[in-house]
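Using my numbering, read the sequence shown as starting at 358 and increasing by one per residue.
All C-beta atoms in this analysis are idealised placements derived from N, C-alpha and C, irrespective of residue type, glycine included.
Here is the structure we will look at.
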Amino acid sequence: MKYLFFISLIALLSGCFQPDEILPKVKDYTTEITVSTKGKQAVYIDLSSADKLTNSSESPWHLKFQNTKGSWSILLNTLLGVSVHNTKNTNYDAIDTAYPIHNIPWQLDGTSGTGTQSAIGVWGDFEFSNPKSYKNVYLLSWSDGTFLYYYKLQILDAGTSTFHIRYGTLDGSFTKSQWIEKDPNFAYTYYSLLTQEIVNNVEPDHSDWNICFTYLPDSIIHHGSYPFLPTINKQVGLYQALLINDDFTEIHLDTSRTFSTIDYFYAKDLEYMDVDGLINLFQSWEENQQKLSLKENLCLLVKEQNSYYALKVEEIRTDNRTEVTIKLRIKQL
């Protein structure tokens, strides 16, 4: 009888304790990616699998339109050299070949603490569900290596899920009006002014990537002596950069632990930030030795809902700044 009482007591006490949280199995893999200003301008990574790497389409595009509901940014293809000037004139026909295109400041997209900044900027009143355009006429310039193009662009209006633009040559020989539909499956819709078509396969489905290695423009003064690729604007350079899919993904930059000691329990209690782009994240410039060095103690922790990943750059190889190969070590926590 005492034996039965003892067994019952143990069973009762056991029910008072919660089982320990089980550490998820770690998946660790290594992969290499290559990005280039001339070819594969971006590589998108789904951290859940080493096989889920997507290279951006090499088809040229000039403008990309934000697809997020209630967001209205229009960005430029800086790697193609697309730059913009706001004439602040609302008369489309008044902007022609007489405009002093060689004596005006040209702007490129930049970066801020929270990510990419559009050079086109706030083109209308976004307090309305259908934004009301200011109807300023913008000049666009780019080169394909053979020809230098100058176009004018006017954002006419927008619906809840569409952009309406008009663009064409300065001499008036070509003008086109175009509605561009937002596609919620992708972060941006890409458009070519020359083919007059939406460019597909530039990026994967919005839910199929966490981070993207590419190049971004930024003010040279922000980066001291750090090497850069020149642009049409002498104050702006191109730098190696990381994009973050901030609709699904948050990040934490960690220098306090080694890659091998980072686990799920450590990662889940950290504070994560919502940012869509970072420049020169994995390298620093050694002023005395005049060279780039890898930030060997930096690990990037990524949170996607209840999943956590750790990423470490193990090697960066480049013969010139127009192409870089990056060796990554990634594990799911």
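Three or more beta-carbon pairs separated by less than 8 Å link the segment 596-610 to the segment 627-641, which places the two stretches in contact.
For A598, there is no enclosing alpha helix (DSSP H); the enclosing beta strand (DSSP E) has its first and last residue at V593 to I601. When the beta-carbon positions are compared, P587 and G581 stay at least 8 Å from each other.
Taken in chain order, the unbroken stretches of beta strand (DSSP E) that lie wholly in the segment 466-526 and span 3 residues or more are 467-469, 472-474, 494-500, 505-516 and 519-526. If you draw a straight line from the Cα of R686 to the Cα of S413, it comes to about 21 Å.
Under the DSSP assignment, K625 falls in the alpha helix (DSSP H) whose first and last residues are Y621 to K625. Secondary structure at A451: helix, using DSSP grouped into helix, strand and coil. Assignment of I461 by DSSP, reduced to helix, strand and coil, places it in the coil class. At a Cβ-Cβ threshold of 8 Å, I589 and W463 count as neighbours.
In the DSSP assignment, Q640 is bridged to L651. Remark: C-beta atoms of S475 and I431 approach each other more closely than 8 Å. A direct Cα-Cα distance of roughly 13 Å separates F483 from K492. When secondary structure is reduced to three states using DSSP, D565 falls in the helix class. W499 has its alpha-carbon roughly 14 Å from the corresponding atom of Y548. D626 and S617 have their C-alpha atoms spaced approximately 17 Å apart. Distance from I673 to L657 at the Cβ level is roughly 14 Å; contact not present, criterion being Cβ atoms closer than 8 Å.
Between the alpha carbons of K684 and Q398 lies a distance of about 17 Å. Beta-carbon to beta-carbon, T606 and N567 are separated by about 5 Å, close enough to satisfy the 8 Å threshold. DSSP lists T606 and S664 as the bridge partner or partners of E661. The beta carbon of A624 sits closer than 8 Å to the beta carbons of H609, L658, K660, Y665, A667 and L690 from its chain, once the five residues preceding and following it are set aside; these are given in chain order. Cβ contact annotation for T517 (same chain, cutoff 7 Å, sequence separation greater than five): S486 and N487, in chain order.
In the structure shown, the three-state DSSP call for T435 is helix. Closest option to Y596, judged by alpha-carbon separation, among K489, N558, D620 and F570: F570. Check the Cα spacing between P574 and each of K669, G427, L436 and Y386: the tightest is with L436.
Of R678, I636 and T679, the smallest CA-CA separation from G467 is found for I636. By the neighbour-count criterion, in which a residue is buried when 16 or more other Cβ atoms sit within 10 angstroms of its Cβ, V559 is buried. Assigned with DSSP and collapsed to three states, I555 falls in strand. Taking one beta carbon from each stretch, the segment 525-539 and the segment 439-456 have 3 or more pairs nearer than 8 Å; the two touch.
Linking V392 to E680 through their CA atoms gives a straight-line distance of about 6 Å. Around T411, the same chain offers Y401 and P561 as residues with beta carbons nearer than 6 Å, after the five sequence neighbours per side are excluded. Spanning the alpha carbons of T552 and S530 requires a straight line of approximately 16 Å. In the DSSP assignment, S440 falls within the unbroken beta strand (DSSP E) covering S440 to N443.
In this chain, the beta strand (DSSP E) harbouring K421 covers L420 to Q423. Residues L649 and S650 of the same chain have their beta carbon placed closer than 8 Å to that of E643, with the five preceding and five following residues left out of the count. Residue pairing by DSSP leaves P417 without any beta bridge partner.
Excluding the 5 residues flanking it on each side, L638 has same chain C-beta neighbours closer than 7 Å at L599, in chain order.
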